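*Asks:*
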Amino acid sequence: SQRVDFTASQFMRSDLTDADFTEATLEEVDFSQAVLERVKITSARMSSAVLMDVQMKEANGLHLIADGANFLRADLRRAEFPQASFRGASFVRADLTGATFTDADVTGATFQHAAGLDTVQWQNCKGMDSAGIGHLRPV
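Numbering (our numbering), first residue to last: 1440 to 1578.
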């Protein structure tokens, strides 16, 4: 499949339900208030993307790179981000209920006032201490 480059594109308030962005470049894209339910972002690059107030339930982000992305107030319920990278990303006030961050990297990410943190699958997640969520590490 061909890699599509959407760098710095505007998808604000767009309905992208079930969209397939596999291996796409989505760096610095503004997805504010977009509907991204069940979106497939496997191996996509979303560094510095703006995802404020997105509806992103059940997204599939295997191997996603979203370093520095802003997920302020994002609805990420049941989203799956195994082996993804969220270094320096912001999940302030996001809803992470039932999400999966197995083998992900959250070094330097912020999770202030995020909901559902105790329901997230954090197995082998790196950087939890620097993100202030080390107490949630599975035993």
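Note that CB positions come from ideal geometry on N, CA and C, so glycine has one too. As the structure is a prediction and not an experimental result, all values here were calculated from the model.
Sort out for me which residues DSSP pairs N1563 with in a bridge.
*Replies:* According to DSSP, which records beta bridges pairwise, N1563 is partnered with nothing at all.
*Asks:* What's the gap between the Cα of T1546 and the Cα of D1454?
*Replies:* Straight-line Cα distance between these residues: approximately 31 Å.
*Asks:* Classify T1541 as helix, strand or coil using the three-state DSSP reduction.
*Replies:* Here T1541 sits in coil by DSSP.
*Asks:* Could you tell me if R1442 is buried or exposed, where buried requires 16 or more neighbouring beta carbons within 10 angstroms of its beta carbon?
*Replies:* Exposed, since its Cβ has fewer than 16 Cβ neighbours within 10 Å.
*Asks:* Pull the bridge partners of K1479 from the DSSP assignment, please.
*Replies:* Paired residue(s): D1459, N1499.
*Asks:* Excluding the 5 residues preceding and the 5 following S1482 in the sequence, name in chain order all residues of the same chain whose CB lies nearer than 6 Å to its CB.
*Replies:* Excluding residues within five positions, the ones whose Cβ falls inside 6 Å are E1462, H1502.
*Asks:* With M1485 and L1465 assumed to form a contact (beta carbons below 8 Å), what rounded beta-carbon distance in angstroms separates them?
*Replies:* Correct: roughly 4 Å between the Cβ atoms.
*Asks:* Whose C-beta lies closer than 8 Å to the C-beta of S1440 among residues of the same chain, with five residues either side of it excluded?
*Replies:* Below a pLDDT of 50, predicted positions are generally treated as unreliable, and S1440, at 49, falls in that range; the measurement from the model is reported next regardless. Counting only Cβ-Cβ distances below 8 Å, and skipping sequence neighbours, we find T1461, E1462.
*Asks:* For T1446, name the three-state secondary structure that DSSP assigns.
*Replies:* If DSSP states are grouped into helix, strand and coil, T1446 belongs with coil.
*Asks:* Would the beta-carbon of D1492 fall within 8 Å of that of A1513?
*Replies:* Yes, these two residues count as a Cβ contact at 8 Å.
*Asks:* What are the partner residues of Q1494, as DSSP defines its beta bridges?
*Replies:* Answer is V1474, D1514.
*Asks:* Evaluate N1563 with the Cβ neighbour count: other Cβ atoms within 10 Å of its Cβ, from every protein chain shown; 16 or more gives buried, anything less gives exposed.
*Replies:* Exposed, because fewer than 16 other Cβ atoms sit within 10 Å of the Cβ of N1563.
*Asks:* So, helix, strand or coil for D1506, using DSSP?
*Replies:* Note: D1506 maps to coil in three-state DSSP.
*Asks:* Looking at the structure shown, is D1557 part of a helix, part of a strand, or coil, going by DSSP?
*Replies:* It is helical.
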